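Here's the structure we're looking at; comments come further down.
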Amino acid sequence: MSESSFVMVPRSWNSYPASFGFKNGQGYATYRLTVRIQPTEHVLALRVPNIFSSYKLWVNGDLLAAEGVVGTSRDTSSPEQFPRIVSFDAHTDKLDIVVQVSNFQHRKGGIWVDFKLGDSDQIVRSQMIATAQEMAILGSLIIIGVYHIGLYAFWRQEQFTIHFGLLCLFVAARSSVTGDSYLMQLFPISWETGLKIEYISLVFSAVTGFLYVYRLFPGVVSKRVVQAIIGIGMMLCLFVLVFPAIVYSKSLPIFQLFVLGVGMYCLIIVIKALILKRAGAGFVLAGVAVFVLTVMNDMLFYNEWFVFPQLVPIGLFFFMLMQSFIISTRFSTALRRVGQVSDELRELNTHLEERIEERTEALSLTNETLEQRNRDLGRMETSRRHLMTNISHDLRTPITLLQGYLEAIQDGVVKSEEQRQKYVRMMLGKVGGLNRLIHDLFELSKLEAGQLRFDLSDVLLSEWIEQIQGQYEIDIRSGGLSFTCAYDYARQEVPELEQPERILVKLDLPRMDQVIANVIYNALKHTPRNGHLSLLFYYDYETSRVIINVCDTGSGIETEHLPFIFDRFYKKEISRNSAEGGSGLGLAIAKEIVEGHEGTIGAESIPNKGTTIWISLPARKM
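And the structure:
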């Protein structure tokens, strides 16, 4: 069909009338959409979903995205699919979106998942949340899968554990090549290979899920049925390996029928086991039922009955919870049996009772020691994971900029010595920022893991106030601000005890100075000249704590951002957690140090009027 026509999107070419010229979902087409908008200075973004099986996208005449090679035949086209987010300016009142699509390699062609258009920050944040959720589920599946395989390696009596572990890994493999296609983004895997992994992992998920139920409830299923299901699964996998995607993708209903049939048969097996009162059958029935429902949902989704997209990983996650109950039940049963045997041995060997008690006590002490070490290792491992996550997240941008500067020098873009010196200064600035970020990350990780010890000593409050005033007054006044650092006698409730010389605070002075410096310099950077910055101290006799209020007359913080300013890497323009070019860790480190002193830290703010950071520390009067 060469004429223009209005079409419904999202919708695959398979569902269009024959007059459109698409045969079995194959062909090529150009989509065009005009969107009326209000001109804005904000950057807009468009999330482009997986489009089968190659495309090019223009917005207002600019080519912004392309996957694969768009062609008019199988020989002139090449498939590829990744979801993309493209950004563009919206200075006009109209967006002209053009998408060229071709498909000669898959059973379905065209745009059959919707686009998302909106503010760039909103689209990116939405994608980050979705990615985090998917990665959390994917990581859980991999960890649980490896755990159950390891459990089988050390406890071979329970053969169902290895099949459950393989089920988790196969579902994880399929999830990694569908949706955002994380596996193909990380490794140089072709579109054809990724599709084969998707289909083969689908078959193996059904087979291993069936074997899990078979091993969990032996004697309920005939071995001939087991052999038949394994045989059919192997033939389907061989079919995928031998033939190209255009052939086996058209056979998807056969694969879906196989998976659905195996799932329904598993339900029948579990119901029989429940009737026979097999241990754990109730948990398995709940898990299998939910899992089968999510499988049916995904089948409907891939056949364009848009219910909910990609629920199988979530269904399996629920299945994992049920599996944990089963393992807990079996372990508790084993422990009860051990207890019974212990009672019998105690009756038969009464003369060994004292020795057994001594050994039990020794084992308990050893176990407590091991548990403590395990907790310490857990804190260290958590800190390490946080560190690696933050490094990978926040180092990418400056490293990319450094690479760009170096390539500009290498390619001869920078010609004059003045430009070269400018680029060198910029690179040194980025390297300095990276060094500060790495230092802050290591310090915060040590604080969170409890590896940083505080050297606490009694400090007179009056001396501490004088030290802070002398240390920061020049910097603050040179920044154009008036400065007050004093004891707040107006807040004192007991006049006869209004002497800071009689109040002792237990501090690690270098660490607490790090907190005060961070709060003061953040306030200094967010307060305009001719403003005022004050540090007011007072002693609360009811709680025996010293309260420090750091107040400024700066721009303030909006209410919705206030609860998050002490979070690591929280970087809103309004946030005090990072000044311009900062790491976003300053107040997070300050919070950890204050809590290490058994204190608390918080913030109050009125936008455009000022901010108060308050610190509460244990103290005592002399």
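The opening residue of the sequence shown carries number 1 in full-length UniProt numbering; numbering runs sequentially from there. C-beta atoms are modelled at their ideal positions from N, C-alpha and C, and glycine is treated no differently. Predicted model, so just to flag it, every value in this text is computed and none were measured.
What is the C-beta distance between residue 168 and residue 210, in whole angstroms, given that I count them as a contact (C-beta under 8 Å)?
That pair is no contact at about 15 Å.
Alpha helix (DSSP H) runs contained entirely in the segment 148-215, provided each spans 4 or more residues:
160-177, 182-186
Short of 6 Å in beta carbon distance, which residues of its chain neighbour residue 601, apart from the five on each side in sequence? Order them along the chain.
591, 594, 615
Using a Cβ-Cβ cut-off of 7 Å (strictly less than) and excluding sequence neighbours within five positions of residue 540, which residues of its own chain qualify?
547
For the segment 82-98 and the segment 4-16, state whether three or more C-beta atom pairs, one from each stretch, are separated by less than 8 Å.
no
Among residues of its own chain, excluding the 5 on either side of residue 491, which ones have a beta-carbon nearer than 7 Å to its beta-carbon?
538
DSSP-derived helix/strand/coil call for residue 279
coil
Residue 372, DSSP secondary structure in three states
helix
Assuming residue 54 is part of the beta strand (DSSP E), what are its boundary residues?
54-59
With a threshold of 8 Å, are at least 3 pairs of Cβ atoms found where one atom belongs to the segment 257-277 and the other to the segment 285-293?
Contact holds: three or more Cβ-Cβ distances are below 8 Å.
Pair every Cβ in the segment 274-289 with every Cβ in the segment 315-335, then say whether three or more of these pairs are closer than 8 Å.
yes
Is it the case that the segment 19-33 contacts the segment 104-114, given that we only count it when at least three CB pairs across the two stretches are under 8 Å?
They touch, by the three-pair rule.
Whose C-beta lies closer than 7 Å to the C-beta of residue 574 among residues of the same chain, with five residues either side of it excluded?
Its pLDDT being 41, under 50, residue 574 is placed unreliably by the model, and nothing is read from it.
Continuous beta strand (DSSP E) stretch holding residue 487: start and end
In the DSSP assignment, residue 487 falls within the unbroken beta strand (DSSP E) covering 482-487.
Residue closest to residue 533, alpha-carbon to alpha-carbon, out of 477, 505, 459
Residue 477 is the option with its Cα nearest to residue 533.
Cβ-based burial, residue 333 [other Cβ within 10 Å; buried from 16]:
exposed
DSSP three-state call for residue 301: helix, strand or coil?
Assignment of residue 301 by DSSP, reduced to helix, strand and coil, places it in the helix class.
Where does residue 606 sit, in a helix, a strand or coil, going by DSSP?
strand
When you compare only the Cα positions, how much space is there between residue 113 and residue 229?
33 Å
Expressed to the nearest angstrom, what Euclidean distance is found between the alpha-carbon atoms of residue 577 and residue 522?
Legend: pLDDT at residue 577 = 48, less than 50; position of this residue unreliable, no value from coordinates given.
Hey, is the segment 191-205 in contact with the segment 170-179, meaning 3+ C-beta pairs nearer than 8 Å?
yes
What first and last residue would you give for the beta strand (DSSP E) that runs through residue 47?
40-48
Given a cut-off of 8 Å on the beta-carbon distance, is the pair residue 138 and residue 313 in contact?
yes
Collapsed DSSP secondary structure at residue 329 in the structure displayed
Residue state for residue 329 is assigned as helix, using DSSP reduced to three classes.
Check whether the segment 450-469 and the segment 498-511 touch, using three or more Cβ-Cβ pairs below 8 Å as the test.
yes
Pair within 8 Å by beta-carbon distance, residue 500 and residue 461
Taking 8 Å as the Cβ cut-off, residue 500 and residue 461 qualify as a contacting pair.
Residue burial classification, residue 161 (beta-carbon count within 10 angstroms, cutoff 16)
buried
Per the contact definition of three or more C-beta pairs closer than 8 Å, is the segment 113-128 in contact with the segment 64-75?
no
Please state if the CB of residue 217 and the CB of residue 278 are separated by a distance shorter than 8 Å.
yes
Once the 5 residues before and after residue 84 are set aside, which same chain residues still bring their CB inside 7 Å of it?
48, 65
What would DSSP say about residue 510, mapped onto helix, strand or coil?
helix
Could you check the C-alpha separation between residue 526 and residue 520 for me, to the nearest Å?
10 Å
Can you tell me which residues form a DSSP beta bridge with residue 545?
Paired residues: 540, 618.
To which residues does DSSP link residue 103 through a beta bridge?
27
Sheet register partners of residue 66 (DSSP bridge):
56
On the DSSP bridge list, what partners appear for residue 532?
482
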